[in-house]
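Colleague:
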Amino acid sequence: MNILLTGINSFIGCNLGRYLADCGHNVYGTVRNLTKVPSQAKWLKKNFIYELGGPPETFMFNDIDVVVHLIHDFRSGKMNVNIQGTQALYHTAKNIGVQYQIFISSYSAQKEAISEYGKTKYALELFFRKEQGIIIRPGLVLGNGGLFRRMVKLVQNFPVLPIPDGGKGRVPIIDIHTLCKSIVMIIASKLHENKEFNLFHNELISLKYLLQQIRHITKRKMIFINLPSGLLLLPLVFFKKIGIKLPISSDNLKGYIVNKDGGCFSNLKEVFCDVPSLNYMIQTAISDITGTTKNKDSDYFYLPPLF
Ligand SMILES: NC(=O)c1ccc[n+]([C@@H]2O[C@H](COP(=O)([O-])OP(=O)(O)OC[C@H]3O[C@@H](n4cnc5c(N)ncnc54)[C@H](OP(=O)(O)O)[C@@H]3O)[C@@H](O)[C@H]2O)c1
């Protein structure tokens with residue numbers, strides 16, 4: 022198949038592109054800036070320049086069978102740009118005859134969302150549902166990129182870290198390799214069903230457990246202090262207002278606050294039968310970040326239950 026990934030340079034985009042190419046698909050991508058494309062991306066057939074807000078060129082979609090929408094502008098105040106830009110891409114692709122379009126949403130996409138991110142993803146889900154597109158909601162994606170990488174770097178670099186409300190809230194997780202393999206499966210076999218997929222491990226772990234495991238694996242001796250989420254939110258909102266970008270944003274915290282009861286279910290096992298254990302997911306992702314190679318299952322050690 023000919024598959025176009027918008028935002029090919031993203032953490033998920035470049036991993037997914039490589040997996041799709043390994044499975045024999047022709048992979049195309051969009052980038053904002055050609056200089057950002059990694060030179061080793063031999064698997065990429067062609068790149069097109071596209072920035073949200075501009076009119077999408079129809080030639081990007083010539084002979085494309087599937088579009089995977091990955092672009093998200095995380096900057097504050099970009100809700101309309103994200104919604105209108107993604108819708109414009111969708112319509113242009115549809116008008117030129119692209120058969121399948123997949124929207125990479127998030128488990129933060131909820132009617133009750135209080136973060137700009139969650140509200141944007143929810144609005145786009147409504148749009149894709151109406152258009153009978155395919156919606157994929159990954160959990161927090163573990164690997165060498167995105168929010169998880171920033172969390173690992175915080176644990177590695179700070180002696181003390183605050184955790185909101187004791188870190189009791191549940192976090193759905195999936196490692197990047199399982200996510201990519203699952204999306205490849207969806208593209209290969211399930212597209213005709215017009216379904217929505219929640220892709221994360223069916224056991225939800227607490228934020229505290231995840232952070233403690235990161236500390237354990239990276240052999241750090243730092244401490245976590247409990248703070249009420251409301252108290253933590255104030256400085257994060259302030260820094261966002263004055264344009265200072267922190268590793269954890271007020272939107273990340275708002276998403277955690279709304280999702281902390283973990284009421285969502287996973288369909289990962291319907292898509293991919295060989296789901297690794299939680300510990301395997303966490304340890305593989307940290308190995309990807311720290312560059313330590315692990316070759317066999319036996320290289321992954323038992324992590325004590327910490328909840
Ligand atoms: N990572 C996770 O844990 C996670 C979990 C659930 C869902 N998702 C979703 O999966 C998708 C990819 O996430 P990620 O973590 O891989 O993101 P990422 O690494 O931060 O990449 C974001 C992508 O969006 C592109 N982009 C941003 N603003 C743009 C604009 N104005 N015009 C055109 N392109 C723009 C970026 O292009 P440049 O490379 O040019 O900057 C980049 O390719 C997002 O939709 C995200 O919401 C991620």
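Following the working numbering, the numbering of the sequence shown begins with 22 at its first residue and continues without gaps. No residue lacks a Cβ here, since even glycine has one placed at the ideal position from N, Cα and C. These numbers were taken from a predicted model, which means no experiment stands behind them.
(1) Between which two residues does the beta strand (DSSP E) carrying residue 189 extend?
(2) Return helix, strand or coil for residue 267, following the three-state DSSP convention.
(3) Going by other Cβ atoms of all chains shown within 10 Å of its Cβ, with 16 needed for buried, is residue 179 buried or exposed?
(4) Do residue 147 and residue 192 count as a contact pair if the criterion is CB distance below 8 Å?
(5) Do residue 269 and residue 204 have their C-beta atoms closer together than 8 Å?
(6) Could you tell me whether any non-hydrogen atom of ligand 1 is closer than 7 Å to the CB of residue 222?
(7) Determine the direct distance from the alpha carbon of residue 276 to that of residue 83, and round the result to whole angstroms.
(8) Using 8 Å as the threshold, is the C-beta distance between residue 260 and residue 267 below it?
(9) Within the chosen definition, does the segment 61-78 reach the segment 222-237 through at least 3 CB pairs nearer than 8 Å?
(10) As a quick exercise: from 174, 200, 186, pick the residue whose alpha carbon is nearest that of residue 162.
(11) How is the beta strand (DSSP E) around residue 295 delimited, first residue to last?
(12) Can you tell which of 308, 40, 127 has the C-alpha that lies nearest to the C-alpha of residue 240?
(13) Span of the beta strand (DSSP E) holding residue 90?
(14) What do you reckon, are the CB atoms on residue 136 and residue 129 nearer than 8 Å?
(15) Taking Cβ to Cβ, would you say residue 28 is nearer than 8 Å to residue 56?
(16) Closest by CA to residue 310, which one among 214, 197, 109, 144?
(17) Using the C-alpha atoms, what's the distance from residue 258 back to residue 209?
(18) Taking buried to mean at least 16 other C-beta atoms within 10 Å of its own C-beta, is residue 112 buried or exposed?
(19) Residue 132 to residue 300, Cα distance in whole Å?
(20) Exposed or buried, which one is residue 35 when buried takes at least 16 other CB atoms within 10 Å?
(21) If you check the beta carbons only, do residue 72 and residue 53 fall under 8 Å apart?
(22) Where does residue 41 land, buried or exposed, given buried means 16+ other C-beta within 10 angstroms?
(23) Use the C-beta contact count for residue 185: other C-beta atoms within 10 angstroms, 16 or more gives buried, fewer gives exposed.
Modeller: The answer reads as follows:
(1) Here residue 189 belongs to no beta strand (DSSP E), and DSSP marks it neither H nor E.
(2) coil
(3) exposed
(4) no
(5) no
(6) In this structure, ligand 1 has no non-hydrogen atom nearer than 7 Å to the beta-carbon of residue 222.
(7) 37 Å
(8) yes
(9) no
(10) 200
(11) Premise fails: residue 295 is in no beta strand (DSSP E) and is neither H nor E.
(12) Its Cα nearest to that of residue 240, the residue 308 stands out among 308, 40, 127.
(13) Where residue 90 is concerned, the enclosing beta strand (DSSP E) stretches over 87-90.
(14) yes
(15) no
(16) 197
(17) 42 Å
(18) exposed
(19) 32 Å
(20) buried
(21) Cβ atoms of residue 72 and residue 53: closer than 8 Å.
(22) buried
(23) buried
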